[in-house]
Amino acid sequence: TVLLVAPGPLSPVQRAAAWHEGAVKCYPQGGPVSDGTIAPGEYGENFFDGATKLLVCVSCDRSPSRLLHGGIVSPWSGWVGFLMQASDVWNGSVNEVRVSYASGALQVMDGYGNVSEGTTTPDSALGGSSDVMNATTGTTGAARVYEFTIPLRSSDRYDSQLQSLGPVYFAL
Numbered sequence: 009t010v011l012l013v014a015p016g017p018l019s020p021v022q023r024a025a026a027w028h029e030g031a032v033k034c035y036p037q038g039g040p041v042s043d044g045t046i047a048p049g050e051y052g053e054n055f056f057d058g059a060t061k062l063l064v065c066v067s068c069d070r071s072p073s074r075l076l077h078g079g080i081v082s083p084w085s086g087w088v089g090f091l092m093q094a095s096d097v098w099n100g101s102v103n104e105v106r107v108s109y110a111s112g113a114l115q116v117m118d119g120y121g122n123v124s125e126g127t128t129t130p131d132s133a134l135g136g137s138s139d140v141m142n143a144t145t146g147t148t149g150a151a152r153v154y155e156f157t158i159p160l161r162s163s164d165r166y167d168s169q170l171q172s173l174g175p176v177y178f179a180l
């Protein structure tokens with residue numbers, strides 16, 4: 009499984025800015041509270057990237073759709089993209105969640121992308137569904153906090169359909 013996270017200026021994310029090497033465990037510890045704040049110990053794994061200044065937090069649950077609960081703390085304004093491998097065998101396709109806070113409102117897009125082509129299209133435009141759940145935002149100091157939940161085993165062909173338990177990799 010591959011997780012990619014990237015900050016963007018004022019337009020949707022196009023490319024990842026840095027890579028995290030090594031396996032990431034998506035601990036099945038239940039669901040964090042999606043309230044726009046991230047409490048110490050709320051997520052099973054936390055990763056900070058010094059280049060992008062993003063803090064990424066993940067946990068999974070044991071539901072049939074194996075929900076991934078994600079939290080991102082970003083010092084950037086504009087879009088933040090969270091990309092995840094869409095199938096157990098890497099074929100270049102990713103499930104992408106884009107979040108942004110603008111004009112006092114949270115904006116969320118569930119997309120299907122091809123990393124090698126550099127394209128992303130909203131799931132709904134392809135006949136899929138928006139499967140981003142419990143999306144919230146808040147602030148901590150000058151940083152913006154985003155929290156959301158996505159299924160790792162989705163019935164939507166334009167989302168992740170990961171049957172294995174990992175390992176999970178991500179990039180920033």
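So for the sequence shown, our numbering puts the first residue at 9; every next one is plus one. In this text, a Cβ means the ideal position worked out from N, Cα and C, and glycines have one as well.
Discussion item. If you reduce the DSSP assignment to three classes, tell me which class ALA5 lands in.
Written reply: Any property of residue 5 remains undetermined from this structure, which presents the chain solely from 9 to 180.
Item to complete: Look up ASP57 in the DSSP assignment and say whether it is helix, strand or coil.
Response: Position 49 of the sequence shown, counting from 1, holds the residue named residue 57. Correct three-state label for ASP57: strand.
Discussion item. Distance check for SER172 and LEU114, CA to CA, integer angstroms please.
Written reply: The sequence position of residue 114 within the sequence shown is 106, counting from 1. The sequence position of residue 172 within the sequence shown is 164, counting from 1. C-alpha separation (whole angstroms): 32 Å.
Fill in: VAL81 beta carbon less than 9 Å from that of GLY100
Indexing the sequence shown from 1 puts residue 100 at position 92. Indexing the sequence shown from 1 puts residue 81 at position 73. Cβ atoms of GLY100 and VAL81: not closer than 9 Å.
Worksheet item: Looking at C-alpha atoms only, which residue of GLY121, GLU104, PHE156 is the closest neighbour of CYS68?
Response: In the sequence shown, the residue the question calls residue 68 occupies position 60. If you compare the alpha carbons of GLY121, GLU104, PHE156 with that of CYS68, the shortest gap goes to PHE156.
Practice prompt. Check the DSSP bridge columns for TYR109 and list the partner residues they point to.
Written response: Taking the sequence shown and counting its residues from 1, one reaches residue 109 at position 101. LEU114.
Discussion item. Taking DSSP's pairing of strands, which residues face GLY119 in a bridge?
Written reply: Along the sequence shown, read from residue 1 onward, the residue named residue 119 stands at position 111. In the DSSP output, where bridge partners are listed per residue, GLY119 has GLU104, PRO130.
Item to complete: Indicate whether the contact test is met: 3 or more Cβ pairs, each with one atom in the region 57 to 76 and one in the region 150 to 168, closer than 8 Å.
Response: yes
Worksheet item: So the beta strand (DSSP E) VAL41 belongs to, where does it begin and stop?
Response: The count along the sequence shown starts at 1 and reaches residue 41 at position 33. Segment: none, VAL41 is in no beta strand (DSSP E) and carries neither H nor E.
Fill in: Same chain, Cβ closer than 6 Å to GLY39, neighbours up to 5 away in sequence not counted
Along the sequence shown, one-based indexing puts residue 39 at 31. Only ASP69, HIS77 meet the Cβ criterion.
Fill in: Unbroken beta strand (DSSP E) run spanning GLN93, endpoints
Working through the sequence shown from its first residue, we reach residue 93 at position 85. GLN93 -> beta strand (DSSP E) spans 88 to 93.
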